[in-house]
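Undergrad: Okay, handing you the structure first.
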Amino acid sequence: MIDKLWYSIIFDWWGRQDNYVEVWVEKDALSGVISQPCNEYRVPYMACKGYMSSSAAWEAGQRFKTQQENGKNCVLIHLGDHDPSGIDMTRDNGDRLFLFSENNVEVRRIALNMSQIRQYNPPPNPAKLSDSRSNEYVRQYGDSSWELDALEPRIMAKLIEDEIKSLIDFEIWESTKAEEVKNEDILKNLSNNWPDVQDFLATLEN
Numbered sequence: 004m005i006d007k008l009w010y011s012i013i014f015d016w017w018g019r020q021d022n023y024v025e026v027w028v029e030k031d032a033l034s035g036v037i038s039q040p041c042n043e044y045r046v047p048y049m050a051c052k053g054y055m056s057s058s059a060a061w062e063a064g065q066r067f068k069t070q071q072e073n074g075k076n077c078v079l080i081h082l083g084d085h086d087p088s089g090i091d092m093t094r095d096n097g098d099r100l101f102l103f104s105e106n107n108v109e110v111r112r113i114a115l116n117m118s119q120i121r122q123y124n125p126p127p128n129p130a131k132l133s134d135s136r137s138n139e140y141v142r143q144y145g146d147s148s149w150e151l152d153a154l155e156p157r158i159m160a161k162l163i164e165d166e167i168k169s170l171i172d173f174e175i176w177e178s179t180k181a182e183e184v185k186n187e188d189i190l191k192n193l194s195n196n197w198p199d200v201q202d203f204l205a206t207l208e209n
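4 is the number of the first residue of the sequence shown in the working numbering; add one for each residue after it.
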């Protein structure tokens, strides 16, 4: 219905930006944490739930491929545990995006990293030596591992927000948002005066 139309129209704030951005997190339990900054900046996000399935990786690759064909620089922001598998998942995501998009996607691992572990001092866990990736991990980082969940939600949200903002041309961003407000006002006025508009259109048909 026309009186609901303006609610359903959402501008693509990223349409005129140089970058296309997605945020992925290792664990489904953290979807709620990453949703706040992603929704605020209208960035697609998802929980990988560990290593992604081939079908999910293919779908993601196709999304990035479409954006690359539209001239976008594609960036994946990734957050995962600091353990043998969590570190390797960042590499795996990049490799599979390259495979399925047929081009490089810039992968930025923003958490959990050693600098954050030193800064925020989350509780350590023993590294899983049964993990096939543990030898290289222990060689680089020692025999402790850390879970992403140990970061406070507000810290995680701020890390995501700061990384997203670093990829935005704010002059274009504010112009796009202003255009959205202008068009919302036009649609609201159209909705509020729709009976009069219908009457006017009826006179044109006679």
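Glycine residues also receive a C-beta, built at the ideal position from the N, C-alpha and C atoms. Note that the structure is predicted; figures quoted are calculated from it, not measured.
Can you name, in chain order, every residue of its own chain whose Cβ lies under 6 Å from the Cβ of P125, other than the five neighbours on each side?
TA: As a working note, residue 125 is residue 122 in the sequence shown. If we look at P125 and ignore the five residues flanking it on each side, its Cβ neighbours are W149, A153.
Undergrad: With a cut-off of 8 Å on the beta carbons, I'd call I158 and Y123 a contact; round off their distance for me.
TA: One-based indexing of the sequence shown puts residue 158 at position 155. One-based indexing of the sequence shown puts residue 123 at position 120. With a Cβ gap of about 7 Å, I158 and Y123 count as contacting.
Undergrad: What does DSSP give as the partner residue(s) for E220 in the beta ladder?
TA: Since the first residue shown for the chain is 4 and the last is 209, residue 220 is missing from the structure and cannot be characterised.
Undergrad: Name the DSSP bridge partner or partners of V184?
TA: As a working note, residue 184 is residue 181 in the sequence shown. DSSP lists no partner for V184.
Undergrad: Taking Cβ positions, are H85 and Y144 nearer each other than 9 Å?
TA: By 1-based counting over the sequence shown, the position of residue 85 is 82. By 1-based counting over the sequence shown, the position of residue 144 is 141. Going by C-beta atoms, H85 is nearer than 9 Å to Y144.
Undergrad: Might you give, ordered along the chain, the residues of its own chain that have their beta carbon closer than 6 Å to the beta carbon of P87, omitting 5 neighbours on each side?
TA: Here residue 87 refers to the residue found at position 84 when the sequence shown is read from its first residue. Taken in chain order, the residues that qualify are D134, R136, S137, Y140.
Undergrad: Which word fits G74, buried or exposed, when buried means at least 16 other C-beta atoms lie within 10 angstroms of its C-beta?
TA: Counting from 1 along the sequence shown, the entry for residue 74 is found at position 71. Result: exposed.
Undergrad: Tell me the DSSP bridge mates of M92?
TA: Position 89 of the sequence shown holds residue 92. For M92, which the question treats as bridged, DSSP gives no partner whatsoever.
Undergrad: If we ignore side chains and look at the alpha-carbon of each, how far apart do G97 and V110 end up?
TA: Locating residue 97 in the sequence shown gives position 94, counting from the first residue. Locating residue 110 in the sequence shown gives position 107, counting from the first residue. C-alpha separation (whole angstroms): 6 Å.
Undergrad: Give me the residue from S147, K52, I113 with the minimum Cα distance to P129.
TA: As a first step, residue 129 is located in the sequence shown; it is residue number 126 there, counting from the start. Taking only the C-alpha atoms, the option nearest P129 is S147.
Undergrad: Which residues does DSSP pair with P127 in a beta bridge?
TA: Looking up residue 127 in the sequence shown gives position 124. Paired residues: none, contrary to the question.
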